[in-house]
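Novice: Those sequence lines, one after another, are chains B and L.
The first sequence begins at 24 in the working numbering and counts up by one.
The second sequence begins at 145 in the working numbering and counts up by one.
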Amino acid sequence: ILNVEQSPQSLHVQEGDSTNFTCSFPSSNFYALHWYRWETAKSPEALFVMTLNGDEKKKGRISATLNTKEGYSYLYIKGSQPEDSATYLCAFRGGKLQFGAGTQVVVTP
Amino acid sequence: EPEVTQTPSHQVTQMGQEVILRCVPISNHLYFYWYRQILGQKVEFLVSFYNNEISEKSEIFDDQFSVERPDGSNFTLKIRSTKLEDSAMYFCASSEARAGNQPQHFGDGTRLSIL
């Protein structure tokens with residue numbers, strides 16, 4: 024993989040349900056994997072910066088895992104709430120920060 | 145909480161004109177960045193800046209673009225002789241250090257529309 028790819032592009036979740044989505048990135052020249060949460064009309068907000076293979080980070084109901092050997096990271100949202108609706112961007116730090124296209128999450132009440 | 149601020153929020157400019165986008169990074173941050181997002185596309189890295197010089201730039205950042213830190217607080221992106229394809233959302237970001245494990249803090253962006 025040469026680029027940063029995120030899937031799915033968008034997903035709809037019922038309030039209370041849990042969900043997860045994927046970021047794939049180059050498995051060579053790895054420094055870090057960033058996750059950002061981007062609400063409409065606001066600036067991207069840093070969620071996690073992950074550096075070690077096997078890393079798992081958690082912030083409230085949101086958590087992320089990292090596999091640098093195979094080049095993927097999962098982001099999990101447990102018990103989704105309407106305020107979780109946003110685009111979630113991952114970014115691979117080899118040299119410069121290289122962004123994926125994002126996964127747009129819509130949580131419906 | 146300290147934040148990155150960008151002005152203006154929206155800039156409309158005639159093709160061929162010069163435009164300057166302004167950013168005030170977080171005060172104790174040392175690394176500064178510009179990104180752009182063309183409508184419907186990914187966020188793209190333009191340039192990083194440290195110690196009053198460019199530390200890295202992408203292939204997008206050609207001679208049309210320049211960055212400057214004219215004083216102790218502002219960080220500017222200048223686009224000379226703008227083209228229609230320069231229309232995009234431009235984001236400024238800053239971080240405490242360049243290390244990969246430092247998050248970048250983004251401003252709200254400037255929407256640049258070239259007519």
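We put the CB at the ideal spot given by N, CA and C, even for glycine.
Please read all numbers here as calculations on a predicted model, not as lab measurements.
(1) Does DSSP put L:E200 in a helix, a strand or coil?
(2) For L:E229, which of helix, strand or coil comes out of DSSP?
(3) Here's a check: name, in chain order, each residue in its chain whose Cβ is nearer than 7 angstroms to the Cβ of B:V130, leaving out the five neighbours to either side.
(4) Do we get a CB-CB distance below 8 angstroms when we pair B:A55 with the residues of chain L?
(5) Would you decide whether L:V156 is buried or exposed? Buried here means 16 or more other CB atoms lie within 10 Å of its CB.
(6) What does DSSP give as the partner residues of L:S217 in its beta bridges?
(7) Can you tell me whether DSSP reads B:E106 as helix, strand or coil?
(8) Taking Cβ-Cβ distances below 7 angstroms as the criterion, which residues of the region 53-84 of chain B are in contact with chain L?
(9) Determine, for L:P247, whether the minimum Cβ-Cβ distance to residues of chain B falls below 8 angstroms.
(10) So what does DSSP say about B:M73, is it helix, strand or coil?
(11) Could you check whether L:I258 and L:L230 sit closer than 8 angstroms to each other, using their CB atoms as the reference points?
(12) Determine the chain B residues that contact L:D215 at a beta-carbon separation under 7 angstroms, and present them in chain order.
(13) Closest Cβ-Cβ distance between B:G94 and chain L: below 8 angstroms?
(14) Kindly say whether B:A87, judged by its beta-carbon, lies nearer than 8 angstroms to any beta-carbon of chain L.
(15) Rounded to whole angstroms, what is the Cα-Cα separation between L:Y234 and B:E79?
(16) Can you tell me which residues form a DSSP beta bridge with B:L56?
(17) Name the residues in the region 174-191 of chain L whose C-beta lies less than 7 angstroms from a C-beta of chain B; which are they?
(18) Going by alpha carbons, who is nearest to B:L120 out of B:A55, B:Q29, B:S47 and B:S33?
(19) How many angstroms separate the CA atom of B:S96 from the CA atom of L:R213?
(20) Taking the continuous beta strand (DSSP E) assigned at B:N26, which residues delimit it?
(21) State whether the region 164-176 of chain L contacts the region 190-200 of chain L, with contact taken as three or more CB pairs (one from each stretch) at a distance under 8 angstroms.
Specialist: Let me lay it out:
(1) In the second sequence, counting from the first residue as 1, residue 200 of chain L sits at position 56. Here L:E200 sits in strand by DSSP.
(2) As a position in the second sequence, residue 229 of chain L is number 85, starting the count at 1. DSSP, read as helix, strand or coil, puts L:E229 in helix.
(3) For the purposes of this step, residue 130 of chain B is identified with residue 107 of the first sequence, where counting begins at 1. Closer than 7 angstroms at Cβ, skipping near neighbours: V36, E38, S103, Q104, P105, D107 and S108.
(4) Numbered from its first residue, the first sequence carries residue 55 of chain B at position 32. By this cut-off, B:A55 is an interface position.
(5) Indexing the second sequence from 1 puts residue 156 of chain L at position 12. Looking at its Cβ environment, which holds fewer than 16 other Cβ atoms inside 10 Å, L:V156 is exposed.
(6) Numbered from its first residue, the second sequence carries residue 217 of chain L at position 73. When beta bridges are read from the DSSP output, L:S217 appears opposite no residue.
(7) In the first sequence, the residue the question calls residue 106 of chain B occupies position 83. If DSSP states are grouped into helix, strand and coil, B:E106 belongs with the helices.
(8) Look at the region 53-84 of chain B: the residues with a C-beta under 7 angstroms from a C-beta of chain L are Y54, A55, H57, K65, S66, P67, A69, V72 and T74.
(9) Against the second sequence, residue 247 of chain L aligns to sequence position 103. For L:P247, the answer is yes, since a Cβ of chain B falls inside 8 angstroms of its Cβ.
(10) Position 50 of the first sequence, counted from the start, is the residue given in the question as residue 73 of chain B. Of the three classes helix, strand and coil, the one that applies to B:M73 here is strand, per DSSP.
(11) Stepping through the second sequence from its first residue, residue 230 of chain L is reached at position 86. Stepping through the second sequence from its first residue, residue 258 of chain L is reached at position 114. Residue 230 of chain L is actually Asp in this sequence, not Leu. Taking 8 angstroms as the cut-off, the beta carbon of L:D230 is found closer than this to the beta carbon of L:I258.
(12) Position 71 of the second sequence, counted from the first residue, corresponds to residue 215 of chain L. Here the premise fails: no neighbours, minimum Cβ distance about 23 angstroms.
(13) If you number the first sequence from 1, residue 94 of chain B lands on position 71. For B:G94, the answer is no, since every Cβ of chain L falls outside 8 angstroms of its Cβ.
(14) On the first sequence, position 64 is the one that residue 87 of chain B refers to. So no, B:A87 is outside the interface.
(15) Numbered from its first residue, the second sequence carries residue 234 of chain L at position 90. Numbered from its first residue, the first sequence carries residue 79 of chain B at position 56. In a straight line, the C-alpha of L:Y234 is about 31 angstroms away from that of B:E79.
(16) Stepping through the first sequence from its first residue, residue 56 of chain B is reached at position 33. Bridge partners of B:L56: B:M73 and B:F115.
(17) Flagged, chain order: K186, V187 and F189.
(18) Sequence index remark: in the first sequence, residue 120 of chain B carries index 97 (1-based). Here the closest residue by C-alpha is B:A55.
(19) As a first step, residue 96 of chain B is located in the first sequence; it is residue number 73 there, counting from the start. As a first step, residue 213 of chain L is located in the second sequence; it is residue number 69 there, counting from the start. Cα-Cα distance, rounded: 36 angstroms.
(20) If you number the first sequence from 1, residue 26 of chain B lands on position 3. Looking at the DSSP string, B:N26 is not in any beta strand (DSSP E), and its letter there is neither H nor E.
(21) The region 164-176 of chain L, when compared against the region 190-200 of chain L, does touch it at the 8 angstroms Cβ threshold.
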